[in-house]
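Residue numbers (my numbering): 15 to 380.
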């Protein structure tokens with residue numbers, strides 16, 4: 015994939031240089047990422063009070079969402095339902111094709127067209143790579159165009175997971191930068207430091223070839239000059255050459271290895287992933303010794319003091335549960351951050367981000 019073809023794809027997904035359909039992680043430039051992070055901070059601050067929660071629920075109470083999740087999901091599905099509830103958006107769900115007219119022979123394309131007449135937003139998870147982008151193309155051709163959000167597509171992309179991951183890293187890495195001020199000196203909005211990723215090493219571990227979360231987060235990290243990426247995996251499961259080509263084109267320093275211990279002491283964040291054996295064709299994962307790519311309590315002596323351990327979940331044996339109660343564990347924060355980030359994303363798509371910002375400035379800035 016060349017930069018030009020990516021730009022053309024992004025242009026078909028955006029409106030007025032803003033994401034409308036959210037399908038590819040490449041849609042998010044650094045300014046957009048940081049706007050979403052800031053909006054997520056505002057939403058979670060507003061939601062701390064009963065009055066704030068009631069205000070947020072009025073912002074999109076006039077819109078409806080369809081969660082079309084035909085690939086198994088718990089965390090992403092519930093995160094999106096919680097996000098819809100935060101902004102007051104009613105939702106329905108389809109999680110089993112056997113309950114839809116597809117069992118009568120209706121094409122999946124027609125199912126999408128029908129759903130677009132009932133709802134104002136489709137949030138979907140699908141096992142086929144590229145299907146969310148295909149849905150965006152279908153919706154663009156409809157007289158009534160509505161947005162689609164990709165909640166995970168095959169082994170390809172998981173853009174909203176990447177957003178919550180970069181938000182989590184921002185919160186882990188950012189110095190206590192306080193609040194930005196307006197021209198009168200009033201402290202108005204939470205902010206992060208200019209580039210919290212400068213000089214930081216982020217290490218990805220595990221099944222990187224088939225892990226869509228790793229792919230999408232790598233795209234976003236390449237927006238930040240000075241970050242260093244390390245890809246630690248068995249040779250058979252190393253990161254794809256298409257991702258490495260993207261990293262090189264963006265001038266980001268990277269290394270590849272099959273030795274976790276050699277790099278864990280240099281890491282500011284480690285992103286663990288499970289074996290994605292659901293994509294096996296002939297049980298090939300069983301021939302791989304995955305135990306060498308596990309993070310254990312015995313390794314804590316190698317950690318930097320502020321190491322952030324992340325995991326998109328679910329986990330297996332690659333992440334020691336004894337690490338859960340340590341200050342290194344940030345994977346539970348990821349889960350909660352995802353709810354706020356997805357609420358911010360939905361608010362931005364429907365252009366109520368300004369309403370939320372104005373409310374924050376009026377009642378929560380100090």
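Note that beta-carbon positions come from the ideal geometry of N, C-alpha and C, so glycine has one too.
None of these values were measured; they are calculated from a predicted model.
Beta-carbon gap between residue i and residue j smaller than 8 Å
| i | j | result |
| --- | --- | --- |
| residue 134 | residue 79 | yes |
| residue 164 | residue 36 | yes |
| residue 146 | residue 231 | no |
| residue 234 | residue 54 | no |
| residue 276 | residue 73 | no |
| residue 357 | residue 60 | no |
| residue 166 | residue 143 | no |
| residue 268 | residue 245 | yes |
| residue 219 | residue 241 | no |
| residue 69 | residue 373 | yes |
| residue 33 | residue 302 | no |
| residue 221 | residue 274 | no |
| residue 347 | residue 318 | no |
| residue 103 | residue 64 | no |
| residue 226 | residue 264 | no |
| residue 183 | residue 322 | yes |
CA nearest to the CA of residue i, picked from the options
| i | options | result |
| --- | --- | --- |
| residue 286 | 277, 308 and 280 | 308 |
| residue 44 | 82, 181 and 215 | 181 |
| residue 224 | 122, 24, 42 and 252 | 252 |
| residue 210 | 217, 221, 220 and 188 | 188 |
| residue 208 | 238, 340, 322 and 227 | 238 |
| residue 132 | 106, 120 and 123 | 106 |
| residue 214 | 186, 328, 273 and 313 | 186 |
| residue 121 | 92, 99 and 152 | 152 |
| residue 23 | 335, 148 and 320 | 148 |
| residue 257 | 272, 229, 249 and 344 | 229 |
Beta-carbon separation (whole angstroms), residue i vs residue j, contact threshold 8 Å
| i | j | result |
| --- | --- | --- |
| residue 278 | residue 316 | 5 Å |
| residue 50 | residue 355 | 6 Å |
| residue 89 | residue 349 | 6 Å |
| residue 127 | residue 156 | 7 Å |
| residue 130 | residue 136 | 7 Å |
| residue 178 | residue 352 | 4 Å |
Classification of residue i by the beta-carbon crowding that lies within 10 angstroms, buried from 16 upward
| i | result |
| --- | --- |
| residue 255 | exposed |
| residue 193 | Confidence at residue 193 is low in this model, with a pLDDT of 48, below 50, so the placement of that residue is unreliable and no value is reported for it. |
| residue 101 | buried |
| residue 201 | With a pLDDT of only 49 at residue 201, under the threshold of 50, the placement of this residue in the model should not be trusted, and no figure is reported. |
| residue 212 | exposed |
| residue 86 | exposed |
| residue 150 | buried |
| residue 191 | Low per-residue confidence applies at residue 191: pLDDT is 39, beneath 50, and the placement is therefore not dependable, though the value from the model is reported in the following sentence. Exposed. |
| residue 367 | buried |
| residue 332 | buried |
| residue 15 | The predicted model places residue 15 with a pLDDT of 45, which falls under 50 and marks its position as unreliable; any figure quoted below should be read in that light. Residue 15 should be labelled exposed. |
| residue 93 | buried |
| residue 31 | exposed |
| residue 26 | exposed |
| residue 328 | exposed |
| residue 247 | buried |
| residue 196 | Below a pLDDT of 50, predicted positions are generally treated as unreliable, and residue 196, at 49, falls in that range; the measurement from the model is reported next regardless. With fewer than 16 other Cβ atoms within 10 Å, it is exposed. |
| residue 17 | Because residue 17 carries a pLDDT of 48, less than 50, the predicted location of this residue cannot be relied on, and no value is offered for it. |
| residue 174 | buried |
| residue 217 | buried |
| residue 341 | exposed |
Check: residue i C-beta below 7 Å from any heavy atom of the ligand FMN
| i | result |
| --- | --- |
| residue 221 | Within the structure as shown, the ligand FMN is missing, as the structure has no ligands at all. |
Segment limits, beta strand (DSSP E) that includes residue i
| i | result |
| --- | --- |
| residue 148 | From DSSP, residue 148 is part of no beta strand (DSSP E) but of the alpha helix (DSSP H) over 145 to 155. |
| residue 231 | No beta strand (DSSP E) contains residue 231, which is instead part of the alpha helix (DSSP H) from 226 to 235. |
| residue 160 | Counting along the chain, residue 160 falls outside any beta strand (DSSP E), and DSSP gives it neither H nor E. |
| residue 245 | 242 to 246 |
| residue 271 | 267 to 271 |
| residue 284 | 283 to 286 |
| residue 137 | 135 to 140 |
| residue 81 | 79 to 83 |
| residue 128 | Counting along the chain, residue 128 falls outside any beta strand (DSSP E), though it belongs to the alpha helix (DSSP H) covering 122 to 132. |
| residue 218 | 215 to 219 |
| residue 107 | 105 to 108 |
Span of the alpha helix (DSSP H) around residue i
| i | result |
| --- | --- |
| residue 373 | 367 to 377 |
| residue 349 | 345 to 363 |
| residue 49 | 44 to 60 |
| residue 176 | 173 to 187 |
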